[in-house]
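Residue numbers (my numbering): 974 to 1032. Heads up, the beta-carbon is just placed ideally off N, CA and C, and yes, glycines get one too. Structure first, then comments.
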């Protein structure tokens, strides 16, 4: 947890299919909690097509 990850979804969530943020774990309903721009987003586990560590070499 607390690592930067990239999450790609099967279908858009709030108009987006790709999110990059800090992994904050899962809640009791098996949603992945992702912190993006100081906001927490709940992403249903079954909506995730892929997730991987994110590296930005410009940071």
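Cβ separation of residue i and residue j, assumed to be a contact under 8 angstroms, to the nearest whole Å
{"i": "residue 995", "j": "residue 982", "result": "Their Cβ separation, rounded to whole angstroms, is 17 angstroms, which puts residue 995 and residue 982 out of contact at 8 angstroms."}
{"i": "residue 1021", "j": "residue 1004", "result": "That pair is no contact at about 10 angstroms."}
{"i": "residue 997", "j": "residue 974", "result": "6 angstroms"}
Three-state class that DSSP yields for residue i in the structure shown
{"i": "residue 1019", "result": "helix"}
Other residues of its chain near residue i: CB distance less than 6 angstroms, five sequence neighbours each side excluded
{"i": "residue 993", "result": "979 and 1027"}
Limits of the beta strand (DSSP E) - the one that residue i falls within
{"i": "residue 992", "result": "989-999"}
{"i": "residue 983", "result": "977-986"}
{"i": "residue 1032", "result": "Element bounds for residue 1032: n/a, residue is neither H nor E."}
{"i": "residue 1010", "result": "It is not in any beta strand (DSSP E) - residue 1010 carries neither H nor E in the DSSP assignment."}
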